[in-house]
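Worksheet: the structure to be examined is printed underneath.
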Amino acid sequence: MSIPWASYAFLPKRAGSPSLIPFIVSPFRKVSYLPRFSSFSSDKAVEQNGPGSAPKEGNLKSGLYLVATPIGNLEDITLRALRVLNSADVILSEDTRHSGKLLQYYNIKTPLVSYHKFNESQREVMILQKLQQGQVVALVSDAGTPGISDPGTELAKLCLTNNIPIVPIPGPSAVIAALSASGLSTSEFTFVGFLSKHAGSRRERLEISSKESATQIFFVPPHKLHQFLEEASSLFGELRYCVIAREMTKIHEEFWRGSLGEATQKFSSQQPRGEITLLIEGKANSVVEIPSDSQIEHHLKVLISNGHSLSTAVKLVAEATSAKKKQDPFFIFFSICRTITLLSYRKSGKENGMQPSRSKTNIRIRFGQGMLCC
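Right under this line is the structure:
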């Protein structure tokens, strides 16, 4: 791995800037430098002792420091994050083995204490005591910012309740990294994160996202990718454009781009490895799509297999489809009716020469100000 400190130069001083920032030019020489925006005066330079070691900052105020860490590449950590981690009294870590590699790489000796969703409540008393004693406590997650789809929110609330300062130390973000390289609209976006394990809750969230004009951003576990794509396709439509960002900043970084329908087909038998950030374009930017009978049938089957009744499945498909083509609701309505009839005939054995069931399905679908019944 290359040395992150080896090839920098001095930045020119601009009018009004607090100080010049000298950076290390050689990996083997000592250098004193000043952070541009800090409380350090000119006679309190921070000494850097070569590659692989982090500087100490002796005047940190007591409080909880939420430190963002690399999402894959160890060189993406900030100088300020290294100073805080090296100067803290204790570091709370989601996975001490994972965070230990980062600390070892930068020769940071601060004690590590595990802090994750399974022991949050047990650790609160100990952490609160340290903070009330005036100690500096740093919190890190496995990757990215603590509290963002990771432990940290409850601890921040506890600190606020007890008037303990909370200091964010910003840094790498999978959300922003994926969005910036996606090619999708960045003017407005919604970060959803991980979806619920419960089918009904997932469906509700996806239904809301499918109607938003902003870019939608999700975290998806690799083993749940195909399920996510099937459910998203049924509500967003198979032509909605998406971007699948995988293993960002790592050796096998990959950006896959295409429609939800293409993604569903590609990943039906292929399970990718690594962390996945999935982005879907907003409704206002999507391609108009009128689904075929086979597509409607597929969407209905997926919804019904996930526990929805036929009437609920029809409503979800109708709402998702008519939102894209409101000027032709009757086409969509009769396509759905044809599909329901076909499904009914298949289920009752009509295709084998038997008569279809006489059971009735009364379905009402709202289109704008009107309503159609089937």
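Position in the sequence shown (first residue = 1) + 661 = this note's numbering. Even glycine gets a Cβ: it sits at the ideal position worked out from N, Cα and C. Computed from a prediction, not measured in an experiment: that's the story for all the values here.
Item                                                                                                                : Value
Where residue 877 sits in the DSSP three-state scheme                                                               : strand
Meets three-Cβ-pair contact criterion under 8 Å: the region 745–755 and the region 768–785                          : yes
Same chain, Cβ closer than 8 Å to residue 937, neighbours up to 5 away in sequence not counted                      : 880, 881, 882, 883, 886, 905, 906 and 907
Beta-carbon gap between residue 877 and residue 809 smaller than 8 Å                                                : no
DSSP beta-bridge partners of residue 903                                                                            : 919 and 941
Contacting residues, own chain, Cβ-Cβ under 6 Å from residue 963 (five flanking each side not counted)              : 891 and 895
Helix, strand or coil at residue 766 according to DSSP, with G and I counted as helix                               : helix
Supposed contact pair residue 796 and residue 723 - C-beta distance, whole angstroms, cut 8 Å                       : 6 Å
Alpha-carbon spacing of residue 960 relative to residue 819, whole angstroms                                        : 45 Å
Where residue 862 sits in the DSSP three-state scheme                                                               : helix
Nearest to residue 853 (by Cα), restricted to the options 975, 841, 873 and 976                                     : 873
Sequence-distant residues of its chain with Cβ nearer than 8 Å to residue 849 (five each side left out)             : 874, 875, 876 and 943
Residue 855 to residue 792 span [Cα, whole Å]                                                                       : 31 Å
Residue 799 classed as buried or exposed, judged by whether at least 16 other C-beta atoms fall within 10 angstroms : buried
Reduced DSSP secondary structure (H/G/I, E/B, other) of residue 691                                                 : Low per-residue confidence applies at residue 691: pLDDT is 38, beneath 50, and the placement is therefore not dependable enough to give any value.
Alpha-carbon to alpha-carbon, residue 725 and residue 824                                                           : 11 Å
Proximal residues to residue 984 (C-beta, below 8 Å), its chain only, five neighbours per side dropped              : No answer about residue 984 holds up, because its pLDDT of 47 lies below 50 and its placement is not dependable.
Residue environment, residue 977, which counts as buried when at least 16 other CB atoms sit within 10 Å            : buried
For residue 830, the first and last residue of its enclosing beta strand (DSSP E)                                   : 827–830
Alpha-carbon spacing of residue 699 relative to residue 747, whole angstroms                                        : Since pLDDT at residue 699 reaches only 39, below the 50 mark, its modelled position is unreliable, and the value read off the structure follows with that caveat. If I take the Cα positions, the gap works out to 17 Å.
Within 8 Å, strictly: CB atoms of residue 777 and residue 812                                                       : yes
CB contact flag (residue 738, residue 832, <8 Å)                                                                    : yes
Identified DSSP bridge partners for residue 775                                                                     : 754
Environment of residue 909 [buried if 16+ CB atoms lie within 10 Å]                                                 : buried
CB of residue 842 within 8 Å of CB of residue 732, strictly                                                         : no
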